[in-house]
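Each residue of the sequence shown is one higher than the last, beginning at 6 in the working numbering. Below is one structure, written out as structure tokens; comments come after it.
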Amino acid sequence: MLIRNVTALSCASVDVRTEVDVLIRNGKIAAVGKDLEGGKTGKGSVPGGGKPVRPETDEQVIDGTGRYLMPGLVNTHAHTAMTLLRGSAEDAVPEDWFNKYIWMYERNLTPDGVYLGSLLGAAEMLRAGVTTVADHYFSMERVFQAFEESGIRANLAWAVFGVGEQADAQLERALAFSADYSGRNSRISISLGPHSPYLCPDDFLKRVAEASEKLKLPMHIHVSEEPDQVRRSLADRGKTPVQVLADTGVLRPGTILAHAYHATDEDLDLIADRQSGIAHCAKTYLKFGDVKDLAPRALKNGIRIGLGSDGAASNNTMNIFEVGRDAALLAKASSGSAESGKIEEMIPLLCGGGRVLGTKQYGDIVPGAPADLLLINPETANMQPVHNIWANILYSLCERNIEKVIVDGRVVVHEGRLLTVDIDDLFHEIAEHGSSLLKDRGGGPMQTYDNK
Ligand SMILES: [Zn+2]
């Protein structure tokens, strides 16, 4: 595939190149430069040499005149199937949100529901320009099925509670899933997903960390999401939750820390030192009325940060452009300064999850980077005039500006329409399935949130 004469926006380096051609081969960007198809100038950067290059077929040439090409966004922490619980737990403090609503309703969620919710979430994300998701949930074989069908790129962690009678069985099942599904689809990788330090004792976390090391699987875990979790951990264990992760071996390169929102300065030094990444879910924090300057502090420490939606029961959408906007506003509000959350600091976060997940070139339009790309049409009232292209991307872009979405070199959204999922059929199935989800069938919540 060749995208011709486009404005290439590299988000990680916040760099703009105008009127370039971008050649895609085997799911990756093969070359970026001028006049690539004719090979007249040899200006294109081609891996392994400067030879002229041609697209594989003529019909794969896309005219990018007047369009922006940018990397696909990465959702670094999601419970995608929770789209089925969108709007079901509003205006609630964390303990009510979990105990009265979410952990009651999740009891009713069947593997079929997880599949439908994951397909709905994947459809929503792809249409909104999110091309990768790091998902943390249950019934992951059904999540795998939904993501495989949708065409999204994904990393899947089976969520495991380390307390209760089922803890060992849950861990065994998560390990069996990783053994069965690793390598099945090059687009979908597997991680281990211990839920959190508050629901996993130290010895359980150590076992997961040992399995991670032995099986070469990264980890994805919630940590220090709200202040009570830190207070309770200091009272019970004499350590912050991040210190617990450091001492049990979970804090290591490649680990995704969902939130770390109440990390102390010492915690941030530890996270930087161990090279774990943070998934920052700004809209969720704002909905819980929790305003903290984590992102500016973590950025100062050089920590890799990606953005996350968490579940749609707290975030209401799976839209990472929206989370990026909220992250910028949260940085300003929490620091009390308009000079915090600067555009050039926030733009790299849109795709930052790609590097948190270990793909070095992710976020830039450069040879070797995955061909996960968005073609943006800026010729709409909300994107004109263009005094500051990055300000327009961060603060003004709407879903309707996303004309094409490419994942792994394949077009999955064309002229704003998702090609991989029959959305009308899906809505019909969800309407049938969703009506019983909020019923109380007794038995109480599936876990108890108690960090007081
Ligand atoms: Zn979460």
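No residue lacks a Cβ here, since even glycine has one placed at the ideal position from N, Cα and C.
Buried or exposed (CB count within 10 angstroms, at least 16 for buried), residue i
i, result
"H433", "exposed"
"N393", "exposed"
"V26", "Checking the sequence shown, residue 26 turns out to be Asp, not Val. Per the 10 Å Cβ criterion, buried."
"Q389", "exposed"
"P353", "buried"
"V271", "According to the sequence displayed, residue 271 carries Glu and not Val. Exposed: under 16 other Cβ atoms inside 10 Å."
"T425", "buried"
"P52", "At P52 the pLDDT is 40, less than 50, meaning the model places this residue with poor confidence; the figure from the coordinates comes in the next sentence. Per the 10 Å Cβ criterion, exposed."
"H141", "buried"
"A174", "exposed"
"L220", "exposed"
"N31", "exposed"
"V98", "exposed"
"A251", "buried"
"K365", "exposed"
"E111", "buried"
"E160", "Note on residue identity: the sequence assigns Asn, not Glu, to residue 160. Classification for N160: buried."
"G71", "exposed"
"D387", "A quick correction: the sequence has Asn, not Asp, at residue 387. Looking at its Cβ environment, which holds fewer than 16 other Cβ atoms inside 10 Å, N387 is exposed."
"V138", "buried"
Helix, strand or coil at residue i [DSSP, three-state]
i, result
"A151", "helix"
"N160", "strand"
"H438", "helix"
"E24", "strand"
"E384", "coil"
"Y454", "coil"
"E100", "helix"
"H84", "coil"
"R422", "strand"
"G55", "The pLDDT assigned to G55 is 41, lower than 50, so where the model puts this residue is not dependable; a value taken from the coordinates is nonetheless given after this. In the structure shown, G55 sits in coil (DSSP, three-state: anything other than H, G, I, E or B)."
"N10", "strand"
"S194", "strand"
"Y367", "coil"
"A139", "strand"
"R72", "coil"
"G357", "coil"
"E408", "strand"
"K105", "helix"
"P116", "helix"
"L379", "strand"
"A94", "coil"
Same chain, Cβ closer than 6 Å to residue i, five either side skipped, listed in chain order
i, result
"E404", "A133"
"P450", "N104, W108, M109"
"E129", "M323"
"A17", "P353, G368, D369"
"R360", "R309, Y367"
"W163", "M145, A179, F182, G198"
"G358", "V79, T81, G311"
"D413", "G32, R192"
"L176", "V165"
Minimum C-alpha distance to residue i - residue among the options
i, options, result
"L401", "E408, L210, F326", "The question names Leu, yet the displayed sequence has Ser at residue 401. Residue F326 is the option with its Cα nearest to S401."
"T115", "R192, A128, P99, E146", "E146"
"R212", "S93, A172, I195", "A172"
"G156", "A164, T136, H141, D140", "T136"
"K347", "L399, A284, T88, L78", "L399"
"G198", "S187, N190, A179, V410", "A179"
"E231", "P375, A317, H225, C286", "C286"
"L362", "F182, I67, R257", "R257"
"I34", "A376, V410, R446, Y454", "A376"
"H264", "T81, L7, G448", "T81"
"S229", "L176, K221, K219, D295", "D295"
"H267", "E408, I283, P76", "I283"
"L222", "G259, I276, R9, V98", "G259"
"E460", "K365, R189, P301", "Absent from the structure is residue 460, since the part of the chain shown begins at 6 and ends at 457."
"N10", "Y73, L379, G373", "Y73"
"G373", "L28, D20, I8", "L28"
Same chain, Cβ closer than 8 Å to residue i, neighbours up to 5 away in sequence not counted
i, result
"L204", "F166, G167, V168, Q452"
"A22", "Before going further, note that residue 22 is Arg rather than Ala in the sequence given. Cβ within range, chain order: T12, A13, S15, V37, I370."
"K457", "E100, D233, R237"
"H438", "L89, D117, G118, L121"
"D274", "N306"
"T245", "S229, V235, S238, L239, A268, T269, E271, D272"
Other residues of its chain near residue i: CB distance less than 7 Å, five sequence neighbours each side excluded
i, result
"K444", "N113"
"T253", "D207, L210, K211, A214"
"G329", "L312, M351, L354, L355, L399"
"E153", "N190, I193"
"E420", "E408"
"L304", "I310, E350"
Complete runs of the beta strand (DSSP E) confined to the stretch 196 to 231 [at least 3 residues]:
225 to 228
Uninterrupted beta strand (DSSP E) stretches inside the stretch 297 to 345 (no shorter than 3 residues):
309 to 312
Which residue spans inside the stretch 237 to 287 form an unbroken alpha helix (DSSP H) run of at least 4?
246 to 253, 270 to 279
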